[in-house]
Amino acid sequence: MARMIRAGRELIERHANLDLVLIGDVIRLADTSIGAFYGRFQDKETFLAAVLDAAVTESKAQADNLVRQDAVWTEGTASDIVAAMVDFYVDGCRESQGTFKAVLQDFSMAERESSPLVILNRHMHALFVPALARKMPVQAGVDTELEIQIAMQMLLGTLSAMMLTDPGPMRLPDDAIKQLLTDRMRRMLRLT
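Residue 63 in the numbering used here is what sits at position 31 of the sequence shown, and the numbering runs on without skipping anything.
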């Protein structure tokens with residue numbers, strides 16, 4: 033099953049479109065049989081759900097490890113944490129651009145709660161928002177966590193637009209993208 037999941041992830045990443053992932057290609061790439069495929073998965077949709085669930089689980093674990101192991105999350109300033117967040121999101125989008133693009137294109141508001149990206153985003157918010165909020169300067173009358181969530185929405189919206197339509201002037205492969213996004217997040221959060 034692990035080989036089929038890996039093959040599915042590779043095909044999603046390559047095609048950046050869930051519809052272009054064909055069972056025959058999965059079987060060939062995983063060096064398995066049609067019987068083995070259907071012995072584990074009811075249909076293509078069940079398979080794709082398992083592949084995306086594996087990708088979400090991996091991304092959650094990466095975020096958990098980052099927050100647990102990188103000293104910036106406990107010892108850094110709010111500004112340092114913003115830079116670490118941007119690095120994490122940009123690196124993740126670069127590494128899995130095809131997968132994110134495929135899921136964004138397949139997104140349905142009717143199925144919003146079960147969307148892999150919504151599930152992943154909730155996890156990231158649960159990790160990143162409190163960690164950053166603890167380091168933010170206290171401002172009377174300001175809902176710090178809401179401000180962080182809005183800044184994260186700007187970041188994710190910008191990255192999503194880059195992956196879907198690449199409108200420019202900022203582009204995901206650009207070397208300067210991390211600094212540009214970090215600067216804008218810091219401004220939004222009044223850290224500069």
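All C-beta atoms, glycine included, are put in the ideal place defined by N, C-alpha and C. Nothing here was measured: the structure is a model prediction, and the numbers come from that model.
**Q.** Coarse secondary structure for A103, derived from DSSP in three states
**A.** The sequence position of residue 103 within the sequence shown is 71, counting from 1. Of the three classes helix, strand and coil, the one that applies to A103 here is coil, per DSSP.
**Q.** V122 burial status per 10 Å Cβ neighbour count (16 or more: buried)
**A.** For the purposes of this step, residue 122 is identified with residue 90 of the sequence shown, where counting begins at 1. When all chains shown are included, V122 counts as buried.
**Q.** G200 (DSSP reduced to helix, strand or coil)
**A.** In the sequence shown, the residue the question calls residue 200 occupies position 168. Three-state DSSP puts G200 in coil, outside helix and strand.
Q) So, helix, strand or coil for V83, using DSSP? A) Your numbering for residue 83 matches position 51 in the sequence shown. Judged by DSSP in its simplified three-state form, V83 adopts helix.
Q: My understanding is that V150 touches Q181, with C-beta atoms under 8 angstroms, so please give their C-beta distance in whole angstroms.
A: Translated into positions along the sequence shown, residue 150 becomes position 118. Translated into positions along the sequence shown, residue 181 becomes position 149. Wrong, their Cβ atoms sit about 14 angstroms apart, outside the cutoff.
Q.
Would T131 and E77 be called neighbours here (beta carbons separated by less than 7 angstroms)?
A. Counted from its first residue, the sequence shown places residue 131 at position 99. Counted from its first residue, the sequence shown places residue 77 at position 45. No, the pair does not count as a contact, with Cβ atoms beyond the cut-off.
(Q) Let's test the definition: count the other Cβ atoms within 10 Å of the Cβ of P148 and tell me whether it reaches 16, buried, or not, exposed. (A) The residue labelled residue 148 in the question sits at position 116 within the sequence shown. Buried is the call here.
Q) Closest to Q171 by CA distance: which of I55, Y70, R222 is it? A) Start at 1 with the first residue of the sequence shown, and residue 171 comes out as number 139. Nearest Cα to Q171 within the set I55, Y70, R222: R222.
Q | Spatial neighbours of I55 in its chain, beta-carbon cut-off 7 angstroms, leaving aside the 5 residues before and after | A | By one-based count along the sequence shown, residue 55 stands at place 23. Excluding positions up to five away in sequence, the list reads F69, K76.
**Q.** Inter-stretch contact at 8 angstroms, needing at least 3 Cβ pairs: the region 212-221 / the region 103-122
**A.** The region 212-221, when compared against the region 103-122, does touch it at the 8 angstroms Cβ threshold.
Q) What first and last residue would you give for the alpha helix (DSSP H) that runs through P175? A) Working through the sequence shown from its first residue, we reach residue 175 at position 143. In the sequence as presented, Pro is not what sits at residue 175; that position holds Asp. That residue, D175, is in no alpha helix (DSSP H); it is neither H nor E in DSSP.
Q: Keeping to the same chain, check which residues put their C-beta closer than 7 angstroms to that of K133; ignore five residues upstream and five downstream.
A: Here residue 133 refers to the residue found at position 101 when the sequence shown is read from its first residue. Its chain contains A48, M195, L196 as the residues whose beta carbon lies nearer than 7 angstroms to that of K133, once the 5 sequence neighbours on both sides are disregarded; these appear in chain order.
Q. Expressed to the nearest angstrom, what Euclidean distance is found between the alpha-carbon atoms of R154 and T64?
A. Within the sequence shown, the letter at position 122 stands for residue 154. Within the sequence shown, the letter at position 32 stands for residue 64. Taking the straight line from one Cα to the other gives about 35 angstroms.
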